[in-house]
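Mapping of the sequence shown onto our numbering: residues 88 to 517, in sequence order.
Shown next, in structure tokens, is the structure this report addresses.
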Amino acid sequence: MLPDIPLPLSRKQLRSIGRATARINLWHGSVRSGKTIASLLAFVIAVAGAGPSGLILIAGKTIQTIERNVLEPLQDPLLFGPLARHVVHTRGSTTATILGRTVHLIGANDAKSEGRLRGLTAQLAYVDEATLVPEGFWTQLLARLSAPGARLFATTNPDSPRHWLKVGYLDRAAELNLRAWHFRLADNPSLSAEYVASLAAEYVGLWKRRMIDGAWVVAEGAVYGMWDEARHVVDTLPDMRRYWVGIDYGTTNPFSAILLGLSVDGRLYACSEYRHDSRATRRQLTDAQYSDAVRTWLATYRPPGAPDTAPRGVLPEWTFIDPSAASFHTQMWADGHSSPAKATNAVSDGIRSVSSLLAADRLLVHSSCAGLLSELPGYSWDPKATERGEDAPMKVDDHSVDALRYAVHSTAHEWRHLLTVHQRNGGAAP
88 MLPDIPLPLS RKQLRSIGRA TARINLWHGS VRSGKTIASL LAFVIAVAGA GPSGLILIAG
148 KTIQTIERNV LEPLQDPLLF GPLARHVVHT RGSTTATILG RTVHLIGAND AKSEGRLRGL
208 TAQLAYVDEA TLVPEGFWTQ LLARLSAPGA RLFATTNPDS PRHWLKVGYL DRAAELNLRA
268 WHFRLADNPS LSAEYVASLA AEYVGLWKRR MIDGAWVVAE GAVYGMWDEA RHVVDTLPDM
328 RRYWVGIDYG TTNPFSAILL GLSVDGRLYA CSEYRHDSRA TRRQLTDAQY SDAVRTWLAT
388 YRPPGAPDTA PRGVLPEWTF IDPSAASFHT QMWADGHSSP AKATNAVSDG IRSVSSLLAA
448 DRLLVHSSCA GLLSELPGYS WDPKATERGE DAPMKVDDHS VDALRYAVHS TAHEWRHLLT
508 VHQRNGGAAP
């Protein structure tokens, strides 16, 4: 029996909840399509009817993602009504209590995580974002679901059509004790048309087909297929309200720094670039020399087209550095640079941020950024990674595009609203 919840449920959601009786029950499709609510309700109903034998587990990439994607929604009375009072959890704890039952929380962020399952017998399991957990963990979890009537509930957004979850399970549903339900954005009855339009503006290309249309499609060809020099390259710059810097560190590989500006016209601009290629110059620089070079570059910067009498120098709010460059980060702190910080290095999410801005004409590049302009057209998906069911760009000629990605994605909270403004204005500037 369904608990009394305030949210409207679609016919597809209700059907999936009522039929989630297979050994493996999988909800997949676009973001915010209602699959998570349906899967959580099905799981809670199973918890309420579970017998005393076997453990109850919730797994996800990390404990933090489990808290954010599973427990916090279950504890929200606006979503789950009176049921929310019966979900108890202390942040950071590896257990929760749902309807009086102890539920164990397991982070599965690497291949070693399957060891956390060895030796246990489980009755019920819920997996958040199943494509993000290692295949070995998933396989081990299924092996541990050996109590009578054991069931697995899982959700995921689509990934590559060659991903192990698609090839090994979804495509073999008829052979397995598996039921799956595919959700599209239109399947969520609680979303407003304005919100759907805003969400759709944040995704383009590969990500739009996956996250909005709910399709399992392959990454192929150019990463930034929307890149067009005629549209995206400018010779003059408007006044800037804010500046940030993104740095991709290199010793034998090129070192690149991109100055990113938020302009008065509501767009982001790659305003300037510092780049040093030790192979081309046959001269490697130390951390201290790179730090000094970046300081000089920023101190002497003058916006293109500004009169000769205009003052030089720009002070960025933050300097986002390649997180693997620990010694250089320390050097930048010691030299007093503007708020050095480790860049957000979620590659796929960062590429999506850059892609969305380029597609909406909210990110432009000044013609002086020679390294960036040479890399953007040829930046491509790695076909070998695609064959493995992974999305990864080729690691060649990617230093300036990485620096741009660091600056753009690390400041996403500052510019995300620009995509909504673009959508409302039908593509016109604000």
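No residue lacks a Cβ here, since even glycine has one placed at the ideal position from N, Cα and C.
Everything numeric in this text was worked out from a predicted model, so none of it was measured.
- Put simply, the backbone Cα of isoleucine 145 is about 46 Å away from that of cysteine 358.
- DSSP places threonine 242 in the strand class (E or B) of the three-state scheme.
- Aspartate 484 and valine 175 have their C-alpha atoms spaced approximately 49 Å apart.
- Proline 427 sits in a strand when the DSSP states are folded into three classes.
- For isoleucine 299, no alpha helix (DSSP H) run applies, since DSSP gives it neither H nor E.
- Residue state for tryptophan 384 is assigned as helix, using DSSP reduced to three classes.
- Assigned with DSSP and collapsed to three states, arginine 271 falls in coil, not helix or strand.
- Taking a cut-off of 8 Å on C-beta distances, the stretch 192-202 touches the stretch 149-160, as three or more cross pairs fall below it.
- Positions of the alpha helix (DSSP H) runs, each at least 4 residues long and wholly inside the stretch 121-181, are given as 122-135, 150-153, 164-167 in order along the chain.
- Going by DSSP, glutamine 418 is part of the alpha helix (DSSP H) stretching over 413-421.
- Going by DSSP, aspartate 436 is part of the alpha helix (DSSP H) stretching over 434-446.
- In this structure, the CA atom of phenylalanine 224 is about 15 Å from the CA atom of leucine 211.
- Rounded to whole angstroms, the separation of the alpha carbons of valine 488 and glutamine 418 is 23 Å.
- Between tyrosine 330 and proline 394, the C-beta spacing is not below 8 Å.
- Taken through DSSP and simplified to helix, strand or coil, arginine 249 comes out as coil.
- Contact between histidine 269 and glycine 116 holds: CB atoms are separated by about 5 Å, below the 8 Å threshold.
- Distance between arginine 259 and isoleucine 104, taken at the CA atoms: about 21 Å.
- For glutamate 360, the enclosing beta strand (DSSP E) begins and ends at 355-363.
- When secondary structure is reduced to three states using DSSP, aspartate 379 falls in the helix class.
- Going by DSSP, aspartate 335 is part of the beta strand (DSSP E) stretching over 327-335.
- Take phenylalanine 415, set aside five residues on each side of it, and the residues of its chain with a beta-carbon closer than 6 Å to its own are Tyr336, Asp374, in chain order.
- Taking each of Pro235, Leu96, Glu281, Leu346 in turn and checking the Cα distance to glycine 458, the smallest one comes out for Leu346.
- Per DSSP, tyrosine 311 has no beta bridge partner at all.
- The beta carbon of glycine 121 is closer than 7 Å to those of Ser97, Gln100, Phe270, Asp274, Asn275 in its chain, skipping five residues each way along the sequence.
- Residues Ala357, Glu360 of the same chain have their beta carbon placed closer than 6 Å to that of cysteine 456, with the five preceding and five following residues left out of the count.
- Sequence-distant Cβ neighbours of histidine 453 in its own chain, meaning closer than 8 Å and more than five residues away, are Val320, Val321, Asp322, Leu324, Tyr356, Ala357, Cys358, Ser359, Pro391.
- Under the 10 Å beta carbon count, valine 434 is surrounded by fewer than 16 other beta carbons and is classified as exposed.
- In the structure shown, glutamine 371 adopts coil according to DSSP, grouped into three states.
- Beta-bridge pairing by DSSP links tyrosine 213 to Ile145, Phe240.
- Boundaries of the beta strand (DSSP E) around serine 350: 342-350.
- In this structure, the CA atom of tyrosine 213 is about 28 Å from the CA atom of arginine 439.
- With distances taken between CA atoms, threonine 149 lies nearest to Gly179 out of Gly179, Thr123, Pro160.
- DSSP, read as helix, strand or coil, puts valine 320 in strand.
- A straight-line Cα-Cα distance of about 25 Å links histidine 500 and tyrosine 466.
- For asparagine 432, the CB contacts under 6 Å within the same chain, skipping 5 residues up- and downstream, are Pro410 in chain order.
- The stretch 120-140 makes no contact with the stretch 281-297; the number of CB pairs closer than 8 Å stays below 3.
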